[in-house]
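Note that our numbering has the sequence shown beginning at 2, numbered continuously upward.
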Amino acid sequence: MTGGYTFTRIERYVLFQVLKALGVSLAVIAGLVMLIDFVEVSRSVSRYADLGAARLFGLTLMKSPAVILQLLPFVFLFGTLAAFVGLNRRSELVAMRAAGVSAWRFVFPAGVAALIIGVLTVTTLHPLAASLDGGYERERARIRGGTGGAEQSAIWLREGDDNRQIVIRADSRNRATGRLNDVSFFIYTVGQDGARSFSERIDADTATLSSGSWRLTDARGASVGQQARAYASLDLPSSIADDDAFNQFADPDSTPFWSLPPQIARIEAAGFSATEHRLKFQQLLATPLMFAAMSILAAAFSLRLMRLGDLARMSVAAVILGFAFFSSISSRRLWARPRRFRLSSPPGSRPY
């Protein structure tokens with residue numbers, strides 16, 4: 002009983018030292034990230050509006066959490082490494098080993114703490130950070146665009162039912178009004194065998210989704226084998242809900258953890274690839290294991306006794322391996338990004 006009680010106190014002491022070092026490491030990394038983000042936010046918005054320091058700091062607080070969460074593996078790497086190096090320098094590890102405590106028994110608290118914090122990060126902190134990041138992007142777009150900035154990247158949507166499929170492509174979107182600019186509608190009919198055949202193309206200067214229909218202005222359209230017709234305005238029925246029109250294709254990094262599974266289902270139901278969103282979801286599921294791996298890696302490389310030398314070299318090796326491990330995980334997601342959707346113009350679908 003006494004030996005077990007003494008061993009528990011050692012675990013608690015090691016855990017306290019690890020948590021204290023993690024707090025210091027988190028404070029340092031968070032401070033650096035917020036400093037860099039403050040400079041970046043100031044530079045990016047100063048060309049569009051003259052904002053005070055308090056407003057810039059508020060935008061930084063919205064932007065930084067998402068970046069800090071991405072760097073949390075290094076918090077566990079540096080924090081655990083610092084904690085065990087400190088225990089080693091004070092010869093406390095020697096005393097623990099002399100008392101017959103296995104090395105794995107005082108590495109165990111660091112791994113368990115990393116797992117628990119990883120679960121809390123994925124289930125609680127990530128949704129909050131994703132929400133703040135989405136708010137920052139909307140606020141930055143509002144500041145840069147005045148009454149409503151235009152998103153310049155091309156927009157692709159797809160909708161339809163068992164009888165008709167529509168592929169929508171727009172050059173840009175107004176974030177404030179949700180209006181699409183320079184938009185093209187490629188309409189396909191679905192046969193009884195499920196085969197799709199091109200039937201009509203409609204080009205319009207603008208398109209706005211409202212109350213279950215697209216309102217097109219200055220539209221030109223033609224069916225296969227017919228001449229083009231012009232419309233001052235044209236309404237097309239839509240099966241896309243207003244709220245889901247663009248949210249279902251949102252950046253996976255700005256999507257909360259709990260929203261990823263339904264978002265993946267919506268994207269695949271629309272006929273697009275959800276590979277990047279699936280990779281993000283799997284990456285979040287593996288986050289607790291990554292935190293634990295970083296902690297165990299740092300602890301394993303800092304257990305060499307001071308009197309044997311090479312502790313500094315072992316610590317540097319742990320940092321290098323940690324960076325290599327993190328880079329390999331990140332690069333897998335970058336290399337696995339799906340190719341951008343391309344729509345080849347079918348016969349008779351050239352612009353008017």
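Heads up, the beta-carbon is just placed ideally off N, CA and C, and yes, glycines get one too. Treat the numbers as computed from the prediction; the structure is a model and nothing was measured.
Practice item. On the DSSP bridge assignment, give the partners of residue 166 in chain order. Key: Under the DSSP definition of a beta bridge, residue 166 partners with 161, 189.
Exercise for review: Indicate the three-state DSSP secondary structure (helix, strand or coil) for residue 232 in the structure shown.
Suggested key: Shown here, residue 232 sits in a strand according to DSSP, grouped into three states.
Check your understanding: When you compare only the Cα positions, how much space is there between residue 343 and residue 275?
Key -> In this predicted model, residue 343 has a pLDDT of only 40, less than 50, meaning its place in the structure is not dependable; the value taken from the coordinates is given anyway. The straight-line gap from Cα to Cα measures roughly 15 Å.
Check your understanding: Quick one: what's residue 222 bridged to in DSSP?
Key -> In DSSP, residue 222 forms a bridge with 203, 230.
Review point. What's the call for residue 317, buried or exposed, on a 16-neighbour Cβ count within 10 Å?
Key: With fewer than 16 other Cβ atoms within 10 Å, it is exposed.
Exercise for review: Decide if residue 41 is buried, meaning its Cβ has at least 16 other Cβ atoms within 10 Å, or exposed.
Suggested key: The residue is exposed, with fewer than 16 neighbouring Cβ atoms inside 10 Å.
Review point. Can you tell which of 44, 181, 138 has the C-alpha that lies nearest to the C-alpha of residue 158?
Key: Selected option, being the one with the closest Cα: 181.
Check your understanding: Which of the three DSSP states, helix, strand or coil, is assigned to residue 147?
Key -> Because residue 147 carries a pLDDT of 48, less than 50, the predicted location of this residue cannot be relied on, and no value is offered for it.
Check your understanding: For the alpha helix (DSSP H) that residue 66 lies in, which residues bound it at each end?
Key -> Per DSSP, residue 66 is one residue of the alpha helix (DSSP H) stretching across 54-71.
Practice item. Report, in whole angstroms, the separation of the C-beta atoms of residue 76 and residue 27, which I expect to be a contact under 8 Å. Key: Yes, they are in contact, since the Cβ atoms of residue 76 and residue 27 sit about 5 Å apart, within 8 Å.
Exercise for review: Answer with buried or exposed for residue 67, where buried requires no fewer than 16 other C-beta atoms within 10 angstroms of its C-beta.
Suggested key: Buried, since its Cβ has 16 or more Cβ neighbours within 10 Å.
Point to revise | Own chain residues within Cβ distance below 8 Å of residue 136, not counting five before or after | key: Answer for residue 136: 63, listed in chain order.
Check your understanding: Near residue 235, what residues of its chain come up, given a Cβ to Cβ distance below 6 Å and the 5 sequence neighbours on each side ignored?
Key -> Taken in chain order, the residues that qualify are 217, 220.
Check your understanding: Under the rule that 16 or more other beta-carbon atoms within 10 Å means buried, what is residue 74, buried or exposed?
Key -> So residue 74 ends up on the buried side.
Review point. What residues match up with residue 15 in a beta bridge as DSSP calls it?
Key: The bridge partners DSSP lists for residue 15 come to none.
Exercise for review: Would you kindly work out how many angstroms separate the C-alpha atoms of residue 335 and residue 287, rounded to a whole number?
Suggested key: Only weak support exists for where residue 335 lies, its pLDDT of 45 falling under 50; the coordinates are left without a value.
Point to revise | Terminal residues of the alpha helix (DSSP H) in which residue 292 lies | key: Taken as a continuous stretch (DSSP letters only), the alpha helix (DSSP H) holding residue 292 covers 288-301.
Practice item. To the nearest angstrom, report how far apart residue 83 and residue 10 are at their CA atoms. Key: Looking at the two C-alpha atoms, the distance is approximately 21 Å.
Exercise for review: Would you mind sorting residue 213 into buried or exposed? The rule is 16 or more other CB atoms within 10 Å of its CB.
Suggested key: Answer is exposed; the Cβ neighbour count stays below 16.
Point to revise | Collapsed DSSP secondary structure at residue 304 in the structure displayed | key: Residue 304 falls in the coil class under three-state DSSP.
Check your understanding: Going by Cα to Cα distance, which pick from 33, 190, 204 is closest to residue 172?
Key -> The residue with the shortest Cα to Cα distance from residue 172 is 204.
Review point. Using the C-alpha atoms, what's the distance from residue 78 back to residue 192?
Key: The alpha-carbon atoms of residue 192 and residue 78 are separated by roughly 58 Å.
Practice item. Evaluate residue 328 with the Cβ neighbour count: other Cβ atoms within 10 Å of its Cβ, from every protein chain shown; 16 or more gives buried, anything less gives exposed. Key: Result: exposed.
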